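J.: Counted the way mature numbering (1 follows the signal peptide of the UniProt record, and there is no 0) counts, the sequence shown spans residues -25 to -1, 1 to 222. Can you read through this structure? Questions will come right after.
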Amino acid sequence: MASTSGRLTGILLSLTLMLIGKGEGQAPAPSPSGALNLTAILEKGGQYTSLIKLLKDTQQLTQIESQLKSNSQGFSLFAPTDNAFQNLKAGALNGLSDDQKVKLVLFHVTPKYYSLSDLLTVSNPVRTQATEEEGTWALNFTGQGNQQVNVSTGVVITQVNNALREKFPLAVYQVDKVLLPLELFGTKSHASAPSPKSSKTTPQIPSVAKAGGAPSPSKDDASHAPATNLAFRLILGLAFISISSLS
Ligand SMILES: *[C@@H]1O[C@H](CO)[C@@H](O)[C@H](O)[C@H]1NC(C)=O
Ligand SMILES: *[C@@H]1O[C@H](CO)[C@@H](O)[C@H](O)[C@H]1NC(C)=O
Ligand SMILES: *[C@@H]1O[C@H](CO)[C@@H](O)[C@H](O)[C@H]1NC(C)=O
């Protein structure tokens, strides 16, 4: 009996708190423990449905939220809008493995809090949460004058806009493009380099580097993994979109 009424009181209390929270109608109310609700921050932004879904699908939402409690440096999230996802070539995300999707998400997160003015002067490259054996995937930021910051991946460059939240330990910035990592979406160099890891073999001069003749793209393409082809076509698509939107 006692426990039932205790639970009831608890429910009523939470309902009341929820109503009070709604009544304020302001920024997502921080929970008593100080835990940040990333979903609420993004939902309030109103144009991050795809990102929220991707964060949930990859289980990174809870990861980031729980890591926020332990990472003394904080985090910054670069949040692509729904438009940014729509502008990706259809199937671009489906072409990624689950592991690659996780990396793509983590590539949008830095294990450090940066205010916008930090980003103006930060030294490149900036580590993200996406890592692999070969190293950490990084973003480059270029700032100019007052408050204009660009972020570049080597595949895409876009402006860092509008902060959804800019308060330690979490910064969330709008970006109008999905930040495509070079490691997943970059085109490899023309000379098909065999096993880049074996550094003790005699250095080989790539034939293409010297020759003035055009490299044979058809042969190159054939040797690439399907994912690379997809990525290449995606970049072509993006380039085409950018060009057509300029005119
Ligand atoms: C975070 O916010 C979302 C949306 O407002 C809500 O559905 C969810 O229950 C919240 N999570 C926590 C742990 O409070
Ligand atoms: C950011 O990118 C835009 C377009 O690509 C460019 O015009 C602008 O000069 C860049 N700004 C900085 C600070 O790099
Ligand atoms: C990022 O900046 C570093 C240091 O300036 C540079 O070496 C690297 O090539 C840049 N990468 C991209 C993708 O722009």
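The C-beta atom is built at its ideal place from N, Cα and C for all residues, glycine as well. Nothing here was measured: the structure is a model prediction, and the numbers come from that model.
Taking a cut-off of 7 angstroms, which residues have a beta-carbon closer than that to any heavy atom of ligand 2, in chain order?
T.: Output, sorted by chain position: T117, G118, Q119, Q123, V124, N125, I132 and Q134.
J.: Excluding five sequence neighbours on each side, which residues of the same chain lie with their C-beta closer than 6 angstroms to the C-beta of N137?
T.: Position 162 of the sequence shown, counting from 1, holds the residue named residue 137. Correct list, in chain order: Q149.
J.: Under 6 angstroms: does the beta carbon of N46 sit that close to some heavy atom of ligand 1?
T.: Locating residue 46 in the sequence shown gives position 71, where the first residue counts as 1. Outside the cutoff, so no.
J.: For I39, which residues from the same chain have a beta carbon less than 7 angstroms from its beta carbon, with the 5 sequence-adjacent residues on both sides left out?
T.: To locate residue 39, count along the sequence shown from 1; it is residue 64. Same-chain partners within the cutoff: L13, F50 and V84.
J.: Is E40 helix, strand or coil by DSSP?
T.: The sequence position of residue 40 within the sequence shown is 65, counting from 1. Helix at E40.
J.: When you compare each of F143, E109 and V147 to Q48 by their alpha carbons, which one comes out closest?
T.: If you number the sequence shown from 1, residue 48 lands on position 73. Measuring from the Cα of Q48, the nearest candidate turns out to be F143.
J.: Helix, strand or coil for G(-3) per DSSP?
T.: Here residue -3 refers to the residue found at position 23 when the sequence shown is read from its first residue. The predicted model places G(-3) with a pLDDT of 37, which falls under 50 and marks its position as unreliable; any figure quoted below should be read in that light. Note: G(-3) maps to helix in three-state DSSP.
J.: Out of Y89, S72, G21 and L36, which one is the CA nearest neighbour of A10?
T.: As a first step, residue 10 must be located in the sequence shown, where it is residue number 35. The option with the nearest alpha carbon to A10 is L36.
J.: CA-CA distance, V131 and Q42?
T.: As a working note, residue 131 is residue 156 in the sequence shown. As a working note, residue 42 is residue 67 in the sequence shown. So the two alpha carbons sit approximately 28 angstroms from each other.
J.: Under 6 angstroms from any heavy atom of ligand 1, does the C-beta of T24 make it?
T.: Taking the sequence shown and counting its residues from 1, one reaches residue 24 at position 49. T24 Cβ: outside cutoff for every heavy atom of ligand 1.
J.: Name the residue from N46, L71, K44 and Y89 whose alpha carbon lies nearest to the alpha carbon of L29.
T.: Translated into the one-based positions of the sequence shown, residue 29 becomes position 54. Among N46, L71, K44 and Y89, the Cα nearest to that of L29 belongs to L71.
J.: Go through the region 79 to 156 residue by residue and report every complete run of the alpha helix (DSSP H) that reaches 4 residues or more, in order.
T.: For the region 79 to 156, whole alpha helix (DSSP H) runs of length 4 or above, ordered along the chain, are 91 to 96.
J.: For the 8 angstroms Cβ check, are there 3 or more pairs between the region 84 to 100 and the region 57 to 68?
T.: Flag = no, the region 84 to 100 and the region 57 to 68 do not touch.
J.: Looking only at its own chain, which residues have a Cβ that is under 6 angstroms from the Cβ of W112, when we skip the five neighbours before and after it?
T.: As a working note, residue 112 is residue 137 in the sequence shown. Counting only Cβ-Cβ distances below 6 angstroms, and skipping sequence neighbours, we find F82, T103, A105, P156 and E158.
J.: Please list, in chain order, all residues of the same chain as G129 whose beta carbon is under 7 angstroms from its beta carbon, the five residues on each side excluded.
T.: The count along the sequence shown starts at 1 and reaches residue 129 at position 154. Around G129: L157 and G161.
J.: To the nearest angstrom, how far is it from the Cα of V126 to the Cα of T117?
T.: As a position in the sequence shown, residue 126 is number 151, starting the count at 1. As a position in the sequence shown, residue 117 is number 142, starting the count at 1. Near 7 angstroms, if we compare the C-alpha coordinates of T117 and V126.
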